[in-house]
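Numbering (our numbering), first residue to last: 7 to 224.
Glycine is no exception: its CB is placed at the ideal position from the N, C-alpha and C atoms.
Only one structure is covered here, and it is reproduced in the block below.
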Amino acid sequence: MVGYNMGHLASGIVEVVCGPMFSGKTEELIRRVRRAQIARQKVQIFKPAIDDRYHESDVVSHSSLSITALPVASSLDILSNLFDSTRVVAIDEVQFFDQNIIPVIKKLARRGIRVICAGLDQDYKGSSFGPLPELLCMADRVDKIQAICTVCGAPASKTYRKNTEECAEQVLVGESDRYEARCRVHWDDHAEDEDLLAFSIPLKSGTNKDPKEVATSP
Ligand code: ADP
Ligand code: MG
């Protein structure tokens with residue numbers, strides 16, 4: 007699918023695949039790219055130059071699927087490297103791009119291009135990552151996918167960073183040596199949020215009874 011054909015106007019489309027590390031974002035991006043290539047659409051794949059974990063230029067999944075990409079240092083480099091004939095643009099690790107990625111993606115979509123983005127919606131602390139909030143908001147289609155919790159095997163929506171005392175920066179490029187997918191229960195770096203809630207909502211267990219329940223209890 008390349009956008010929607012509205013008579014003489016081809017409208018672009020913005021798709022986002024988000025979720026924690028190991029959830030299969032890159033696999034899904036590669037799957038969509040391969041299908042577009044089967045449909046003989048010209049595809050260009052970009053990734054931020056910062057992501058050189060597996061390969062300088064390829065986009066590589068944790069399950070070793072790979073596809074050739076162009077590493078770029080900034081969002082605007084996507085526009086300067088774009089071919090006239092390109093119908094589909096795929097961007098992996100989109101969370102590492104600067105805020106200009108938003109107007110760049112809008113411009114691509116306005117040109118009738120299908121833009122497929124994959125990236126982390128949250129960092130290891132559970133805060134939103136880079137341009138993702140605005141990107142999710144302006145997207146036509148969002149797929150939020152889950153990994154498997156490394157502790158209990160439940161669906162995992164969080165990325166857990168091991169050894170946080172080593173480095174507390176938001177960006178610390180790493181793999182399973184540094185990160186794990188975790189469910190909410192086993193991702194326990196949210197203690198600060200809980201303290202805040204305890205301050206503003208003084209909830210003691212057993213004290214907040216629904217009046218209807220009290221009235222009907224014997
Ligand atoms: P992402 O781009 O979201 O980090 P990838 O597409 O690179 O994810 O890798 C997904 C693959 O990672 C899975 O198909 C699986 O083979 C592997 N994998 C390793 N650990 C996990 C995990 N905890 N949960 C799910 N998949 C995992
Ligand atoms: Mg990935």
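Excluding its 5 nearest sequence neighbours in each direction, isoleucine 56 has C-beta neighbours in its own chain below 6 Å: Phe102, listed in chain order.
For glutamine 50, the enclosing beta strand (DSSP E) begins and ends at 49 to 54. Just measuring C-alpha positions, the residue of Asp129, Gly132, Lys164 and Ile107 sitting nearest valine 121 is Ile107. In the DSSP assignment, cysteine 24 falls outside any alpha helix (DSSP H) and lies within the beta strand (DSSP E) extending over 19 to 24. Distance between serine 17 and serine 91, taken at the CA atoms: about 15 Å. Of all C-beta pairs linking the region 40 to 50 to the region 161 to 171, fewer than three are shorter than 8 Å, placing the two stretches out of contact. Closest by C-alpha distance to isoleucine 73, out of Asp127, Asp149 and Thr32, is Thr32.
Classified as exposed, phenylalanine 89 has fewer than 16 neighbouring CB atoms from the shown chains inside 10 Å of its CB. Using a 10 angstroms sphere on the CB of glutamate 99, the tally of other CB atoms reaches 16 or more, which defines it as buried.
Put simply, of Ser81, Leu126, Tyr130 and Arg46 the residue whose alpha carbon is nearest the alpha carbon of valine 110 is Ser81. Judged by the Cβ position, threonine 32 qualifies as a neighbour of the ligand MG at the 7 Å threshold, a heavy atom of the ligand being closer than this.
Counting the other Cβ atoms within 10 Å of the Cβ of glutamate 186 gives 16 or more, which makes it buried. Alanine 124 and cysteine 173 have their C-alpha atoms spaced approximately 25 Å apart. Looking from the CA of glutamate 181, the closest CA among Met144, Tyr130, Cys158 and Ser134 belongs to Tyr130. Sixteen is the threshold: since fewer than 16 other Cβ atoms of the shown chains lie within 10 Å of the Cβ of isoleucine 44, the residue is exposed.
Secondary structure of glutamine 101 (DSSP, three-state): helix.
Here glycine 136 is buried: its Cβ has 16 or more other Cβ atoms, across all protein chains shown, within 10 Å. One alpha carbon belongs to valine 179, the other to serine 133, and they sit about 17 Å apart.
Excluding its 5 nearest sequence neighbours in each direction, aspartate 146 has C-beta neighbours in its own chain below 6 Å: Ile19 and Val20, listed in chain order.
For aspartate 64, the CB stays at least 7 Å from every heavy atom of the ligand MG. Remark: the shortest separation between the CB of alanine 96 and any heavy atom of the ligand MG does not fall under 7 Å.
Shown here for cysteine 158: same chain residues with a beta carbon closer than 8 Å to its own, the five before and five after excluded, namely Cys189, Val191 and His192 in chain order.
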